[in-house]
Amino acid sequence: MKVMIVEDEMLLAMELESEVEMAGHEVVGTTMNREQASGLVKGHRPDFAFVDIHLQDGPTGIDVGRDLAAKDIPYVFVSGNIKKIPPDFAGALGAIEKPYTTNGMKNALAYISAILVGEEDIAPPASLVLAEDVQPRVYSRQL
Numbered sequence: 036m037k038v039m040i041v042e043d044e045m046l047l048a049m050e051l052e053s054e055v056e057m058a059g060h061e062v063v064g065t066t067m068n069r070e071q072a073s074g075l076v077k078g079h080r081p082d083f084a085f086v087d088i089h090l091q092d093g094p095t096g097i098d099v100g101r102d103l104a105a106k107d108i109p110y111v112f113v114s115g116n117i118k119k120i121p122p123d124f125a126g127a128l129g130a131i132e133k134p135y136t137t138n139g140m141k142n143a144l145a146y147i148s149a150i151l152v153g154e155e156d157i158a159p160p161a162s163l164v165l166a167e168d169v170q171p172r173v174y175s176r177q178l
């Protein structure tokens with residue numbers, strides 16, 4: 036799975052990149068603001084994205100999320116304050132609250148990977164808060 040990371044805290048971005056790669060996925064890039072995220076999507080078309088809410092250019096992560104949803108790219112928010120996520124989750128699959136544990140992120144990534152390849156009978160991990168109206172088949176695709 037090709038993964039994009041949208042995170043303005045460099046150490047957190049590097050840690051998440053390492054987690055994604057250890058799980059056997061490819062990180063196509065890490066961006067720190069909405070403009071960079073838009074460019075990366077155009078150049079690399081990720082299969083999935085992790086998106087922080089508050090970025091280098093302000094609280095634009097929700098806008099990044101809406102941009103991704105408009106392009107049918109599934110994503111989750113990774114944020115220290117998931118209460119800032121709008122009720123519709125801006126089209127996100129769900130959210131992971133910071134600080135997260137290595138094991139929590141690993142379990143969330145395994146669940147997300149399974150959903151994206153069409154598995155339906157899998158329980159979400161405690162580390163992942165799901166949007167209420169998520170329909171796994173909407174995200175099902177061949178990776």
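Each number in the numbering used here corresponds to the 1-based position in the sequence shown with 35 added.
We put the beta carbon where it would ideally sit given N, CA and C, even for glycine.
Taking a 10 Å sphere around the C-beta of residue 95, we find 16 or more other C-beta atoms and assign the residue as buried. Looking from the CA of residue 142, the closest CA among 153, 121 and 164 belongs to 164. Shown here for residue 72: same chain residues with a beta carbon closer than 6 Å to its own, the five before and five after excluded, namely 41, 66 and 99 in chain order.
Across the structure, residue 81 and residue 38 are spaced so that their CA atoms are roughly 5 Å apart. Residue 158 carries a coil assignment under DSSP once its states are collapsed to helix, strand and coil. Counting only the Cα atoms, residue 155 lies some 25 Å from residue 117.
Only residues of its own chain outside the window of five on either side were considered, and among them none has a CB closer than 7 Å to the CB of residue 47. Given a length threshold of 4 residues, each whole run of the alpha helix (DSSP H) inside the segment 72 to 108 is given here in chain order: 96 to 105. Beta-carbon to beta-carbon, residue 62 and residue 52 are separated by about 5 Å, close enough to satisfy the 8 Å threshold. Per DSSP, residue 141 lies in no beta strand (DSSP E); the unbroken alpha helix (DSSP H) holding it starts and ends at 137 to 151.
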